[in-house]
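Enquirer:
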Amino acid sequence: MKIKGVCKGINIVFMVMLLFGLLLQLLQTETLAKEKTELQILSNSKKIFVDSELFLLEDTQKQWTIEDVSSELFNKEFIRNKDHMPNFGYTKSAYWARFEVFNQSPKKEWLLEISYPPLNQIELYSINGEGKFEERKMGGIYPFHDRELLHRNFVYELDIKPNESAIFYLRFETEGAMQLPLTIWKSSAFIEKTQMEFILLGLFYGITIAMALYNLFLFISLRHISYLYYVFVIVCSIFSNLSLNGMSYQYIWPESPWWNLRSIVFFVMLGSIFSLLFARSFLDIKNKLPKFNKIYNWLIGFNSLIIILLFFSYSTALNLMVINMTLMLVVIITSAYQCLRKGVRQARYFFLAWVIFLVGVLITVLADSALLPLTNGTKYAAQIAGAIEVILLSFALADKINIMRKEKESAERAAIENQKLAVDNLRKSDELKEEFLAITSHELRTPLYGIIGISEGLRAGAAGKITSDMDNQLSLIVTSGKRLTNLVNDMLDLSKLNHNALDIQSKPLCLSQLVDVILIVFRSFVKDKQLKLVNNIAANLPDVYADENRLKQILFNLVGNAINYTESGEIILSAKQVKGKMIISVSDTGKGIPESQLTTIFEPFRQGDNSISRNVGGTGIGLTITKRLVELHGGKIEVKSQLGRGSIFNFSLPISKQNNHAEEVATLINEPNFAKDLTNTNTPIILTPKMDKEKKVFKIIVADDDLINLQVLINQLSVESYEVVAVTNGPEVLKAMEEHQIDLLILDIMMPRMSGFEVCQLLREKYTLTELPILMLTAKNQMADKVTSFAVGANDYLTKPCDREELISRVKTLLDLRQLTKELTSINRLLEHRVNERTIALEIANKNLETVNQELKEMEKSRVQLLSSISHELGTPITLIQSYIQSVREGLIEENNSRYLDMIHKKLLLLDRLTKDLFDLAKLQSKKISLHFHPIHLEDWLEHVLQSIESDIKQSGREFSRQTIAYGEMTESLILNIDIDRMDQVFSNLTWNAVKHTSQKIGKITVAIDFDIAQKSSNLVDEGHLCGKIIIKVIDNGEGINDADLPFIFDRFYQTSDSTKIKSNGTGLGLAITKEIIHSHKGEIWVESKVEKGSIFYIALPIIRGKSLQQEGDM
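Its first residue numbered 0, the sequence shown is counted upward by one per residue in numbering that gives the first Met the number 0.
1) Going by C-alpha distance, which of R97, I700, K1074 is nearest P1046?
2) Distance check for L743 and V810, CA to CA, integer angstroms please.
3) For I839, does the three-state DSSP call read helix, strand or coil?
4) Considering just the uninterrupted stretch of the beta strand (DSSP E) at M177, what are its terminal residues?
5) Which of the three DSSP states is assigned to F238 in this structure?
6) Beta-carbon of W95 versus every beta-carbon of chain D: anything under 8 Å?
7) Beta carbon of L1130, beta carbon of L111: below 8 Å?
8) Can the beta-carbon of V100 be found less than 8 Å from the beta-carbon of I159?
9) Sort I65, L199, Q194 by Cα distance to E133 and report the nearest one.
10) In terms of residue numbering, what span does the beta strand (DSSP E) encompassing K46 cover?
11) Below 7 Å CB to CB, which residues in the same chain sit around K1028 once its five sequence neighbours on both sides are set aside?
12) Residues in the same chain with beta-carbon distance under 6 Å from K464, minus the five sequence neighbours each way, listed in chain order, please.
13) May I ask you to check if the CB of L941 is nearer than 7 Å to at least one heavy atom of the ligand PLP?
14) Between the alpha carbons of G729 and N534, how many angstroms are there, rounded?
15) Does the Cβ of C1026 have 16 or more other Cβ atoms within 10 Å, making it buried, or fewer, making it exposed?
16) How is Q120 classed by DSSP in three states: helix, strand or coil?
17) Let's test the definition: count the other Cβ atoms within 10 Å of the Cβ of I801 and tell me whether it reaches 16, buried, or not, exposed.
18) Is C759 helix, strand or coil by DSSP?
19) Report the three-state DSSP secondary structure of G591 (helix, strand or coil).
20) Taking R79 as the reference, give the member of S655, L55, T333, I935 with the closest Cα.
21) If we count the other Cβ atoms within 10 Å of its Cβ and call it buried at 16 or more, is Y962 buried or exposed?
22) Out of K45, Y155, Y168, point me to the one whose CA is closest to I126's CA.
23) Taking the DSSP output, what are the residues bridged to P934?
24) Reducing DSSP to helix, strand and coil, say where D429 ends up.
25) By how many angstroms is the C-alpha of Q999 removed from the C-alpha of Q954?
26) Decide if D587 is buried, meaning its Cβ has at least 16 other Cβ atoms within 10 Å, or exposed.
27) Check the C-beta distance from S274 over to S262 and give it rounded, since I have them as a contact under 8 Å.
28) Which class does E764 belong to by DSSP, given the choice of helix, strand or coil?
29) Please tell me whether S1094 and G1037 are closer than 8 Å, where the distance is taken between their beta carbons.
30) DSSP on P253, reduced to helix/strand/coil?
31) How would you call N318, buried or exposed, if buried means at least 16 neighbouring beta carbons within 10 angstroms?
32) Could you have a look at E108 and say whether DSSP puts it in helix, strand or coil?
33) Identify which residue in N499, V232, Q946, T193 has its Cα closest to the Cα of V211.
34) Can you have a look at Q715 and say buried or exposed, based on whether 16 or more other CB atoms are within 10 angstroms of its CB?
35) Near F697, which residues of its chain fall below 6 Å by C-beta distance, leaving aside the five closest residues on each side in sequence?
36) Only counting the same chain, and skipping five residues up and downstream in sequence, which positions put a Cβ closer than 7 Å to that of I224?
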């Protein structure tokens, strides 16, 4: 069948190609029959084809003008057109066309239409009244509104007088195909033709847009990407046709000639990309033809590259477009054929559509390349084939929808059958499960009977007298055995109910007496709660007709359930007769049931609190059994509840037709099957075995809400000499952690008030894994529980019931790891302490090395600066002396010339001073100079300094002033310990520095004295101790110092950045020596200055308080 379908498709393709060939031949024959020998306009003419009397000339260099081609020399170069429509294909030449018209009609206004919008430049030349050629330009490179008639084609108005002839020249130039379809129209005929074109184009574009919208709707409905790609293919086809027909230039972008020339290539390439995406998605190329998928990706990239290249080189992109279209069509058709061979049914219409489109494109490309005659059939072959392709592709998509629908229906039928089979298998599995459960539960009764019987016998003294501790331990075994027996009975009852195998023995029962006895049993269970049990059932109500044991089971389940979920308040049992039924109610004031759980509360294994931190245990089948038992009696049960206010369970039973109050119910109290574990109040007190306390080393918390499990763990751990702290819920764990120094925590997951997960997570916020090991010991054995346990911070996980040796082994391992971790932590802390000490020592040494290194750098820098400065300072005087000696030898200067001798003497003094300053500075910086410190009274020394400064300043011609405070009692006991000569040198340097930088005319130098004394009262400072400092300020009104120079002013040989008004002739070492002397006296020196306002040099020296030097001498 597949081969037959393929052959049928190939036959259709050949038939379509044959029809195209016949159409081309008919059109070509029709046009050739219309050839005429001359071009004349008759009175009845409406349309004249110019091609019959058209002469053409190729301008390969694009350099000829109208004057050239209209000359006699070029007249013979024109060649008569032999084709129906001139077509030169893709050429870079310009073409000239010439035709002559003889107007035999009375109408002189005619229209010349050039019906090929992609032409770039058209120039029409006609002879005007002056006998000169008049030029009129049109083309794709000019704005649309520049045209004579606003039409999608190029239309010129021709003015030809009746019974006269006119000659016209046309020049054509374009980057694409060169086609010259020329027609002369009568105005009315042209309008009719234009209107018909608009109707046909509107019909074409309307159908195409409708197809696009339809497929877009399908995409939105089906969400299949193929439809979206197909919509984009149609949209690109619409825009490429609009550009080719000139409609887009007329109505969409009339002011963008640059874009209009490139829009055809752009939309064709963009459509090619979406065509490839559509084909790849429609045919499922990735799965059906994986090798073709790479070719599709390559072609998509090639199309994208052509689009980018289009904006840089139109001609190159145009040539590549032709190659790309051929490759794309071949690839799509080949892949469609391959899919068709593989049985892809939807590829039928798809293959046929692309074959037709390939034929149409090839005809158009060959016509544009001048390899086929240009007729209406060859010109519009691609557009006709594109329209057919759109229709066939729509058929292909519809075919695919049908195929997908059938596949979906088939899949749904298979799914329904599988679902039915799965339900049957589940039903069978459920039956097998219940059968297995019933058999297992039945078989459990025998060993349980043995465990309970032997334990009770031992308690009764069957093996001799036992101690009270042993009696308590045996009591726990009996209680656990009975709990398990009750559970087994419930499971057996549920299994019988599910198989409708439970029989009831109904008889008349007094409901009031039955409830009284049940409440007597339950009152012993609620003695630790503030809970009241009330029987509001009237004794005169008629008897109910029910199975006594099953009614007891119903009431035990409902009352026990109410007790479990009620902490305080009351539980009321009431009954009333309604329509031949007895409605029995069990109401409580408990926490209630959420509304979302009311519909599922009677389902198996459902509980009102399903969290792992619930306060109530149980299997969750009690209410399920109760509901089934009520229904077995022909009644119904329902529940009403409000959160925080309580619940009411109502169930109905049939009323007995006869009363028989003589039936005894006293055996109810001794019925063991209903004495279930409703609370833990009857469990014996936990006992810790007597162990040797001196051997106990580790303290362990054991947390479990089941007291029997706690007793088992205490027994097992105490034997191993572990001290055990037993708790029953999460808050007690947290409290015990604060009260005890715990080495290990054994934690159950399902506990009241707070789950083991929550407890573990809270503890991990305070303790690390090594500081507090946590072992999860629980009956939950699901992988999710284990993962959660480790996620919240547990160290280990063990499932109950577990082997004693495994438990002890894991406990010992966790404790050993904790002890080892503590020892490692101690060692680590000791190592960290030693490392910190070494680190601090290394940091100190490193800082010292950095300081020494910085000092060495500074010394090197100073050495270089010193050598440079010394060479400069020594060079000037030496040069002067050498010049003087040479001049004396040559007789240019007299040997005893006093002026030059005085100059030489000053330079020698300068050299001497420079040498002494360098020597002093070197000794000061190396701390090798010997300073002669002597105590001197502050007032005496200040007076000596001020007199010396005043003498030097007045000698220089500057104004001097002093600012001192009254000495008095505050300063009379103040003493300085200084080298007087060196301090004289300091103030001499500062004084002459101020003199050098002040004007002799207006210069003023002031010395100010201030004190900074710790305590003004001499009685508060001990004699011989520092009591403050004296601050001496040398102030001048000189030229000042720039802010940039202030930090370096005390450096050796430092010269300020600005040229000074008064030229300095110093050595540049005075301030450096001053700084070193002050620092040797443990003092400070700094400077403040403002340019053009002067400078202030501050000297701070320490002073001490002591006895008067005269007093000391007297003593």
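For each residue, glycine too, the CB sits at the ideal point set by N, CA and C.
Expert: Let me lay it out:
1) K1074
2) 8 Å
3) helix
4) 176 to 178
5) helix
6) Looking for chain D here will not work: only one protein chain is present.
7) Not covered by the structure: residue 1130. The range shown for the chain is 0 to 1114.
8) yes
9) I65
10) 46 to 48
11) D1011, A1099, L1100, P1101, I1102
12) none
13) Looking for the ligand PLP in the displayed structure turns up nothing, as the structure carries no ligands at all.
14) 37 Å
15) buried
16) strand
17) The sequence as given places Cys at residue 801; Ile does not occur at that position. With fewer than 16 other Cβ atoms within 10 Å, it is exposed.
18) helix
19) coil
20) L55
21) Checking the displayed sequence, the identity of residue 962 turns out to be Gln instead of Tyr. Label assigned to Q962: exposed.
22) Y168
23) N976
24) helix
25) 11 Å
26) buried
27) Not really, about 18 Å apart at Cβ, beyond 8 Å.
28) coil
29) yes
30) coil
31) exposed
32) strand
33) Reading the sequence as shown, one finds Ala at residue 211 and not Val. Selected option, being the one with the closest Cα: V232.
34) buried
35) Y721, D742, L814
36) S280
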